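Residue numbering for the sequence shown follows the working numbering, beginning at -2 and increasing consecutively.
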Amino acid sequence: CSSTAAAASSSSVLSRRGFASGPAPERKVAVLGAAGGIGQPLSLLMKLNPLVSSLSLYDIAGTPGVAADVSHINTRSEVKGYAGEEQLGQALEGADIVIIPAGVPRKPGMTRDDLFKINAGIVKSLCEAIAKYCPNALVNMISNPVNSTVPIAAEVFKIKGVYDERKLFGVTTLDVVRAKTFYAGKAKVNVADVNVPVIGGHAGVTILPLFSQATPRANLSDDEITALTKRTQDGGTEVVEAKAGKGSATLSMAYAGAIFSDACLKGLNGVPDVVECSFVQSTVTELPFFASKVKSLLVRHLTLYKCFILVLSLVRLGKNGVEEVLGLGPLTDYEQQGLEALKPELKSSIEKGIAFVHGN
Ligand code: NAD
Ligand code: LMR
-2 CSSTAAAASS SSVLSRRGFA SGPAPERKVA VLGAAGGIGQ PLSLLMKLNP LVSSLSLYDI
58 AGTPGVAADV SHINTRSEVK GYAGEEQLGQ ALEGADIVII PAGVPRKPGM TRDDLFKINA
118 GIVKSLCEAI AKYCPNALVN MISNPVNSTV PIAAEVFKIK GVYDERKLFG VTTLDVVRAK
178 TFYAGKAKVN VADVNVPVIG GHAGVTILPL FSQATPRANL SDDEITALTK RTQDGGTEVV
238 EAKAGKGSAT LSMAYAGAIF SDACLKGLNG VPDVVECSFV QSTVTELPFF ASKVKSLLVR
298 HLTLYKCFIL VLSLVRLGKN GVEEVLGLGP LTDYEQQGLE ALKPELKSSI EKGIAFVHGN
């Protein structure tokens, strides 16, 4: 009894108020790339989430072991491992949420776009399977380059006739996690109280933290804001260099991915006022995808700060996914310049993803 209570209490950190009323509904979550550096700790965190009833772990190899290991944890969900393409359909069937951390990570000296050659094909084939086996699932895209893999997913779903822009999310939560941590350190405030919207995309200058909207407010100098912005934009590279050839962020990414998926689950379950940033289809700028604050249709009125495909935006989430992509709010001159500066790169990454699917 006490160990169950302990498990429930640790998972409640991710899932406080996980459903509007009554017992938590059945929810199947599939992780594609579950045996990888992100996939393993992310699978662990999803196993700790009491909103998940069925956890499906898929990879090209190695998932039976990961699934056996994770399945011994005494929490709600039933865990199954699937290995190899012939088991992908079973892994996906009935999924409410599909999280995709499949693909190769960066090594020092590489950009995220350098991963396109390998990861574009992986994401494309996984999305073709999603369109076939769970076309209504919410897709949480982690694989890089997110600025291109989200448009790839969108185009695949369009071709298959199942595209619903409310259900496709580029996971940019790690940028928000970093911005909060770095801001709290500089502003000397409790990190647990900090909120920082991050808009744009998920690569270098396309990552645009809006420290002017950060709370609690702090009197930081222009130089301090510039340094915080740069550190947030280069956060991924900081980890890649520190790992010196052994990959990119995995543990902080698993945490960020678990936070984002938990928000999606809450949205689906009808919890109000869930807010995250995500890279989603957006009209807040002239770019088709942008990371913004998003209100989702996952349930009723989930408000998500989401960074989505064409633009990272704030999004309100509801029962069917994104309910509303929120505006950017007032920007300082510095942030406005950052927004203009990111558009060419983001546009070109989006176009590259779209062209890939259409064979151009
Ligand atoms: P990893 O190499 O440790 O793991 C990747 C896993 O994907 C491996 O287990 C591999 O077998 C699996 N895989 C490869 N092809 C597959 C396929 N067709 N179907 C299913 N699984 C397949 O890499 P990682 O460190 O876990 O990173 C994974 C991806 O996440 C990379 O592209 C990385 O750049 C990206 N990433 C994104 C963010 C973000 O903020 N969005 C943060 C960190 C890493
Ligand atoms: C990150 O931001 O850590 C990821 O996108 C991985 C990377 O390559 O930087």
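Every residue, glycine too, gets a C-beta built ideally from N, C-alpha and C. From a predicted model like this one, the values you see are computed outputs, not experimental measurements.
Straight-line gap, residue i to residue j (C-alpha atoms, nearest Å)
i	j	result
residue 111	residue 122	19 angstroms
residue 274	residue 169	7 angstroms
residue 28	residue 332	35 angstroms
residue 254	residue 260	10 angstroms
residue 135	residue 187	33 angstroms
residue 104	residue 341	25 angstroms
residue 31	residue 258	15 angstroms
residue 20	residue 192	30 angstroms
residue 225	residue 180	7 angstroms
residue 245	residue 172	14 angstroms
residue 200	residue 143	8 angstroms
residue 235	residue 219	22 angstroms
residue 197	residue 106	23 angstroms
residue 62	residue 242	25 angstroms
residue 22	residue 59	30 angstroms
residue 238	residue 215	30 angstroms
Beta-carbon proximity list for residue i, same chain, < 8 angstroms, skipping 5 on both sides
i	result
residue 126	85, 86, 89
residue 120	97, 99, 100, 138, 140, 146, 149, 150
residue 67	40, 41, 44, 52, 54, 76
residue 202	230, 335, 338, 339, 342
residue 250	35, 39, 98, 139, 171
Contact test: residue i Cβ vs the ligand LMR heavy atom, cutoff 8 angstroms
i	result
residue 72	no
residue 234	yes
residue 110	no
residue 143	yes
residue 250	yes
residue 171	yes
Residue i - containing alpha helix (DSSP H), residue span
i	result
residue 276	Premise fails: residue 276 lies in the beta strand (DSSP E), 275 to 278, not in any alpha helix (DSSP H).
residue 149	143 to 156
residue 240	232 to 240
residue 341	330 to 354
residue 160	Element bounds for residue 160: n/a, residue is neither H nor E.
residue 259	248 to 265
residue 115	113 to 130
Bridge partner(s) assigned by DSSP for residue i
i	result
residue 80	56
residue 97	138
residue 318	315
residue 51	25, 75
residue 192	212
Spatial neighbours of residue i in its chain, beta-carbon cut-off 7 angstroms, leaving aside the 5 residues before and after
i	result
residue 175	229, 232
residue 74	44, 49, 50, 51, 52
residue 115	100, 101
residue 351	148, 152
residue 247	34, 35, 38
Limits of the beta strand (DSSP E) - the one that residue i falls within
i	result
residue 138	135 to 138
residue 166	165 to 167
Residues of its chain near residue i, where Cβ-Cβ distance is below 6 angstroms and the 5 sequence neighbours each way are ignored
i	result
residue 329	209
Residue i CB to nearest heavy atom of the ligand NAD below 8 angstroms
i	result
residue 388	No answer is possible for residue 388: the residues shown for the chain start at -2 and end at 357.
residue 30	yes
residue 244	yes
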